[in-house]
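Residue numbers 1 to 250, in the UniProt record's numbering, belong to the letters of the sequence shown in order.
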Amino acid sequence: MSAMHQASPLQDFMEPGMVDIEVMAVGVNFKGCCHDNLSRKHIFESIDASLKRLDLPYVDLLQIHRFDPRTPHTARIHGWTEFISMQNLHNAIYREEEREMYPACAKFGMGGIPWSPIAMGFLARPWRDFSTTTRGEGQGQGFLARPWRDFSTTTRGEGQGQGFLGQSTTEADKNVNEQVEKIAKQHGVSMATVAIAWSLSKSFITAPILGMSKKERVNEAVRAISFELTPEELKRIDELYEPKKVIGHQ
Numbered sequence: 001m002s003a004m005h006q007a008s009p010l011q012d013f014m015e016p017g018m019v020d021i022e023v024m025a026v027g028v029n030f031k032g033c034c035h036d037n038l039s040r041k042h043i044f045e046s047i048d049a050s051l052k053r054l055d056l057p058y059v060d061l062l063q064i065h066r067f068d069p070r071t072p073h074t075a076r077i078h079g080w081t082e083f084i085s086m087q088n089l090h091n092a093i094y095r096e097e098e099r100e101m102y103p104a105c106a107k108f109g110m111g112g113i114p115w116s117p118i119a120m121g122f123l124a125r126p127w128r129d130f131s132t133t134t135r136g137e138g139q140g141q142g143f144l145a146r147p148w149r150d151f152s153t154t155t156r157g158e159g160q161g162q163g164f165l166g167q168s169t170t171e172a173d174k175n176v177n178e179q180v181e182k183i184a185k186q187h188g189v190s191m192a193t194v195a196i197a198w199s200l201s202k203s204f205i206t207a208p209i210l211g212m213s214k215k216e217r218v219n220e221a222v223r224a225i226s227f228e229l230t231p232e233e234l235k236r237i238d239e240l241y242e243p244k245k246v247i248g249h250q
């Protein structure tokens with residue numbers, strides 16, 4: 001959770017008795033003016049801002065949102081701050097971390113907290129329909145990107161017309177999307193619920209990170225907690241995956 005952007009809307013749900021929270025986590029090192037480093041000063045400012053916005057005395061977990069190359073080399077090689085979890089990209093159309101990182105997390109007792117379980121919305125609706133929304137213009141042609149068609153008209157999409165870090169949607173991605181759609185229709189739930197349930201089904205996933213801009217998105221996520229895919233349904237999704245180029249800091 002970003003102290004700058006996400007905490008305030010949630011405060012309405014934080015009244016006593018409204019929710020039963022076992023673990024509250026917030027994030028630090030988001031991009032923005034004076035808010036994109038892991039200095040002691042910024043970390044304390046970030047956590048104080050989150051506590052104020054959420055009206056809480058403390059949080060259980062402070063998650064580093066992204067790698068900070070300015071962290072002193074001495075601190076890194078000495079391992080003064082132990083790793084307890086990994087925040088990475090993982091969903092039904094991007095599973096490259098299953099090759100090395102998740103086995104390593106399991107070996108060393110680390111949690112997996114992946115972001116974008118619905119692939120920036122690609123797994124939330126049929127890929128054929130993305131051109132009907134502002135956010136989705138062209139996304140059916142590229143995961144985490146709007147391709148050549150009207151891509152530059154969206155603020156978020158500026159500069160990513162060639163796909164997110166070189167990635168573009170494949171036929172395998174479309175097949176996964178269609179399988180998620182089929183399962184969702186069979187159970188009368190949203191595609192997002194199926195995609196989130198898929199993520200929750202993986203033993204190496206502690207809790208996926210979800211972005212929620214509407215109340216309906218919250219309902220879909222809550223529904224996914226009690227919605228369980230069958231082994232056959234999981235297999236139908238998993239067997240469609242094809243390897244991709246690794247995305248992220250390398």
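In this text, a Cβ means the ideal position worked out from N, Cα and C, and glycines have one as well.
With fewer than three CB-CB distances shorter than 8 Å, the segment 46 to 54 does not count as touching the segment 70 to 80. DSSP, read as helix, strand or coil, puts S85 in strand. The beta-carbon distance between I183 and E233, rounded to whole angstroms, is 5 Å. This is short enough to meet the 8 Å contact definition. A straight line joining the alpha-carbon of V189 with that of E242 spans about 26 Å.
Counted as a single uninterrupted DSSP element, the alpha helix (DSSP H) harbouring I183 occupies residues E171 to H187. F108 and D129 have their C-alpha atoms spaced approximately 42 Å apart. Take L210, set aside five residues on each side of it, and the residues of its chain with a beta-carbon closer than 6 Å to its own are A221, in chain order. The Cβ-Cβ distance between I237 and A92 falls below 9 Å. In this structure, DSSP gives Y94 an extended state, which the three-state scheme calls strand. In the DSSP annotation of this structure, the continuous segment of the beta strand (DSSP E) that includes L62 starts and ends at L61 to I64.
Per DSSP, reduced to three states, the secondary structure at A25 is strand. Following the DSSP letters along the chain, one finds F108 in no alpha helix (DSSP H), marked with neither H nor E. Between W127 and D173, the gap from beta carbon to beta carbon is short of 9 Å.
A buried status is given to P117, since no fewer than 16 other beta-carbon atoms sit within 10 Å of its beta-carbon.
With respect to the 9 Å criterion, Y94 and A124 are not classified as neighbours on the basis of their beta carbons.
The DSSP-derived three-state label of I225 is helix. Using a Cβ distance threshold of 9 Å, V194 and H187 count as a contacting pair.
One Cα belongs to Y102, the other to N177, and the distance between them is close to 24 Å.
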